[in-house]
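To keep things clear, I will list the structure first and then write my remarks on it.
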Amino acid sequence: MSAGLVLAGASYRYAGALGAALAAVDLRLEPGRVVGVAGANESGKSTLCLVVAGLAPSVIGGRLDGSVRIDGVETAATRPHELAQRCGLLFQNASTQLSNTTATVLEEVAFGPCNLGLPAAEVVERVWWALRAVGIEPLAPRDPARLSGGQGQLVALASVLALRPSYLVLDEPTSELDPAGTRLVAEALARIAGETGAGILLVEHKTEVLAHIADDVVVLERGTVALSGPAAEVLADPRLVELGVEPPAQVRLERAVRAAGLEWSAALAEAIE
Amino acid sequence: MPDFARRIPVGRYRGLHPVTKAILAMVGAIVALGVRGWTGPAVVLAAVVLSGALAGVLRRMALFALATIPLVVSILLVNTFLYPNARDAIVTVGPLSPTWTGATAALQATMRVVAFGMSAAVFALTTPIDDLLTELERRGLGRRGAFVVGSALGAIPRMVERAREVVDAQRARGLDTEGGPWRRFKGLVPLLGPVILGALGEVEERTMALEARAFTAPGRRTLLRRLPDSRRQQLARWLLLLGSICLVVVSLSGVVKLP
Ligand SMILES: Nc1ncnc2c1ncn2[C@@H]1O[C@H](COP(=O)(O)OP(=O)(O)OP(=O)(O)O)[C@@H](O)[C@H]1O
Ligand SMILES: [Mg+2]
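Line by line, the protein sequences are chains A and B. Read in the working numbering, the first sequence has 114 at position 112, and its numbers run on one by one without any break. Read in the working numbering, the second sequence has 72 at position 53, and its numbers run on one by one without any break.
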């Protein structure tokens, strides 16, 4: 049995759709590592998340070819509540992820662990751990229906963490966050990968975030993998712009410096960091 | 677990266990509607006013009472004027002859309806739906049932809010908020479309979200909240329920004549 989340030749077509939303995708996510996913709109990033987390096709139908394995077990052969503990998914739209039946953020984050029927003391301990990991302990008594977009996203992230999955799939977790919030989440994710050994698949438009915490980066184009490899290499690839992905500021700066005929040095790169 | 999540209800009446309060409301209904004569409704009305005062909801109960007015008026009119075979007319004006028998029966029926309505009102005003669902789930209500009821009731305030947003959006776009109802409705159509389609599209995503949060796991869910209950309260509520049923039986059988 091999550890890791592995897609081999995975193709997926939505129910009723004509073309495939994902075509022959190969991808590997090891425990404790962060793999970034970038790509233009409609390139299949969210679809990849649903397939990796096993919700497509098991919950929404459609057709999956190829294999998706988590630690050696085919997701198609795993029941949804077990999958939820192996691979947690944060949806692109955080508000649909909240249960809408709880009075406080604390209970909202507890929703998943309660579903598992864990002892109450363990549920409460997990909730505080998750809230602390995301840095939102002060939100615990708040009404989940009255949060800002960014706060809602952080609560949704904490809710996923509270299930303590071995792998995390996060679909644009910082889309509604300001720069400070984005930095906070990025640091939290890096810490979680390091401390808990969770593998993280991170869909992110902000390539600075990927440059900061991703080990590897995959760039999708119309459902296929256009680029993949170590983060530094992929994010410096000249084809990035054609693929609809904006390179990180540092890469753009380096290009501008070189284009102006100036010397780009390691010392300069460090100073910018 | 912190107090804000435990949310223990406090107060002489509010602090009672939700099941106790539900049974008290049920007992109120049984006695008000089932016991013959004036005793049933009178006792319930007195009890309801007392518990409403203890819980500090008398003012809001009065609003509930207003809602029963149409029913009360129709009962009064129908019984006073059309009571079958009553001969003791109060006055006779042409074909109309209200009777004393009818008026008395009408008053009693009205008291029953109001007493029943108010005992339900006391329950509704003192028991958060969340408390009741927690206790029902503890007593075996399935997680799906609890979720459906909880999210449906939770959705009502949100729908009201959304409807208000739609109307505001309509104003902001300079659409007719004056004019006849048909014109106003036509103005709403382009806004309602997205609202409804959006809600439908969300169903699939919400289903996935529930699966992703292990909602379909087997066995019982963990219930974090536990509302205080006591042996005394348990005993008292079942005795009350039993007692009220006995009272109805006794009263209907005519063994004991109650005023
Ligand atoms: N539920 C669905 N049914 C049918 N087709 C879908 C569905 N969801 C997405 N698609 C299609 O699949 C393709 C990939 O969409 P996806 O949502 O994965 O893109 P994305 O990369 O996440 O885009 P974005 O950056 O906008 O989030 C698109 O062509 C889209 O129209
Ligand atoms: Mg997407």
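Just so you know, even glycine gets a beta-carbon here, dropped at the ideal spot from N, CA and C. Small disclaimer: the values here were computed from a predicted structure and weren't measured.
Exclusion of Q87(A) from the 7 Å shell around ligand 2 follows from its C-beta lying no nearer than that to any non-hydrogen atom of the ligand.
By the neighbour-count criterion, in which 16 or more other beta carbons inside 10 Å mark a residue as buried, S101(A) falls on the buried side.
Residue pairing by DSSP puts T226(A) in a beta bridge opposite E223(A). Secondary structure remark: continuous alpha helix (DSSP H) runs of at least 4 residues inside the region 98 to 185 of chain B, in chain order: 119 to 145 and 148 to 157. Taking a Cβ-Cβ threshold of 8 Å, none of the residues of chain B is close to I72(A); the smallest such distance is about 14 Å. By the criterion of a C-beta distance shorter than 6 Å, S230(A) is surrounded in its chain by V220, once the five residues flanking it on both sides are discounted. Under a criterion of Cβ atoms nearer than 8 Å, the residues of chain B adjacent to S161(A) are, in order, R232. As DSSP reads the structure, S13(A) sits in a beta bridge with D67(A). Of the residues L35(B), L95(B) and L277(B), the one whose Cα lies closest to the Cα of L73(B) is L35(B). Contact annotation: in the region 138 to 172 of chain B, residues whose CB is within less than 7 Å of a CB in chain A are D149, F166, G169 and S170. Taking a Cβ-Cβ threshold of 7 Å, the residues of chain A close to M20(B) are V126, in chain order.
Going by DSSP, A51(B) is part of the alpha helix (DSSP H) stretching over P37 to G53. For G196(A), the enclosing alpha helix (DSSP H) covers residues P181 to T198. Listed by position along the chain, the residues with Cβ atoms less than 5 Å from a non-hydrogen atom of ligand 1 are Y16(A), A19(A), A23(A), N43(A), E44(A), S45(A), G46(A), K47(A), S48(A) and T49(A).
Among the residues facing chain B, G114(A) is included, as its CB has a counterpart in that chain under 8 Å away. Ligand 2 approaches D173(A) closely enough that one of its heavy atoms is under 7 Å from the residue's Cβ. In this structure, Q99(A) has its beta carbon at no less than 7 Å from each heavy atom of ligand 2. For the region 238 to 253 of chain B, residues whose beta-carbon sits nearer than 7 Å to a beta-carbon of chain A comprise G238, R239, R240, T241 and L243. Residue-level contact by beta carbon holds for G119(A) and chain B, with a gap shorter than 8 Å. Look at A164(A) here: in three-state DSSP terms it is coil, with no helix or strand label. Relative to ligand 2, even the nearest heavy atom lies 7 Å or more away from the CB of Q155(A). No heavy atom of ligand 2 is found nearer than 7 Å to the CB of Q253(B). Rounded to whole angstroms, the gap between the alpha carbons of S177(A) and E230(B) is 23 Å.
Excluding five sequence positions before and after H214(A), the CB atoms of its chain that fall closer than 7 Å to its own CB belong to A188, given in chain order.
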